[in-house]
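Position in the sequence shown (first residue = 1) + 3 = our numbering.
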Amino acid sequence: EGIKVRLPVMGGLGAVPKAEEALVEALKQCERETEGWEVDPVNYDGLRCKAGDGWLIVRASLHEPLVSVQTESDREGGTAEICRHLLGFVLEGGACEAAGIDVGPLRDASE
Numbered sequence: 004e005g006i007k008v009r010l011p012v013m014g015g016l017g018a019v020p021k022a023e024e025a026l027v028e029a030l031k032q033c034e035r036e037t038e039g040w041e042v043d044p045v046n047y048d049g050l051r052c053k054a055g056d057g058w059l060i061v062r063a064s065l066h067e068p069l070v071s072v073q074t075e076s077d078r079e080g081g082t083a084e085i086c087r088h089l090l091g092f093v094l095e096g097g098a099c100e101a102a103g104i105d106v107g108p109l110r111d112a113s114e
């Protein structure tokens, strides 16, 4: 199964790079602290991470004020589990929300 979660960025297109940086840092922290998660060393289209039996990629939009989290998993409910796990790191410290990311859609995908 696969889903793409679009997270609006308050502050318009100019705020997207800072939002992407905050989301990437949350994913890197998640990867460091989670067994079975491994960031791909090279990816030119966002930051891609293996996540157990699935994967995710975070990236910024070039044309809209949003960042996205795309996930795929080999098992039913796996994408929600990946989103739920990442959400804990996104909320930790408040950097993503301070960067203007509306985390509501990620919360919804976690259910």
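Even for Gly, the Cβ is constructed at its ideal location relative to N, Cα and C.
Next on the checklist: Quick test of your reading: V61 and L26, contact by CB under 8 angstroms. State the CB separation rounded to the nearest angstrom.
Outcome noted: Reading the sequence shown from its first residue, position 58 is the one you call residue 61. Reading the sequence shown from its first residue, position 23 is the one you call residue 26. With a Cβ gap of about 5 angstroms, V61 and L26 count as contacting.
Checklist entry - Which partner residues of R110 appear in the DSSP bridge assignment? => result As a first step, residue 110 must be located in the sequence shown, where it is residue number 107. R110 has no beta-bridge partner at all, per DSSP.
Item to check | Pairwise C-alpha distance: E28 and D56 | outcome: The sequence position of residue 56 within the sequence shown is 53, counting from 1. The sequence position of residue 28 within the sequence shown is 25, counting from 1. Taking the straight line joining both Cα atoms gives about 22 angstroms.
Checklist entry - For I85, which option in L50, A54 and M13 has the closest C-alpha, if you only look at C-alpha atoms? => result Position 82 of the sequence shown holds residue 85. Among L50, A54 and M13, the Cα nearest to that of I85 is on A54.
Checklist entry - Smallest Cα separation from G5: which of E24, P11, E75 and D105? => result Sequence index remark: in the sequence shown, residue 5 carries index 2 (1-based). Selected option, being the one with the closest Cα: E75.
Checklist entry - Do you know whose CA, among E38, D77, K31 and V8, lies nearest P44's CA? => result Taking the sequence shown and counting its residues from 1, the one referred to as residue 44 is at position 41. When only C-alpha atoms are compared, the closest one is K31.
Item to check | Exposure of A101, with buried meaning 16 or more beta-carbon neighbours within 10 Å | outcome: On the sequence shown, position 98 is the one that residue 101 refers to. Flag for A101 reads exposed.
Item to check | Collapsed DSSP secondary structure at A25 in the structure displayed | outcome: For the purposes of this step, residue 25 is identified with residue 22 of the sequence shown, where counting begins at 1. Reduced to three states, the DSSP call for A25 is helix.
Item to check | Cβ neighbour criterion (16 or more within 10 Å) applied to R132 | outcome: For the chain, the structure presents residues 4 to 114; residue 132 sits outside this window and is missing.
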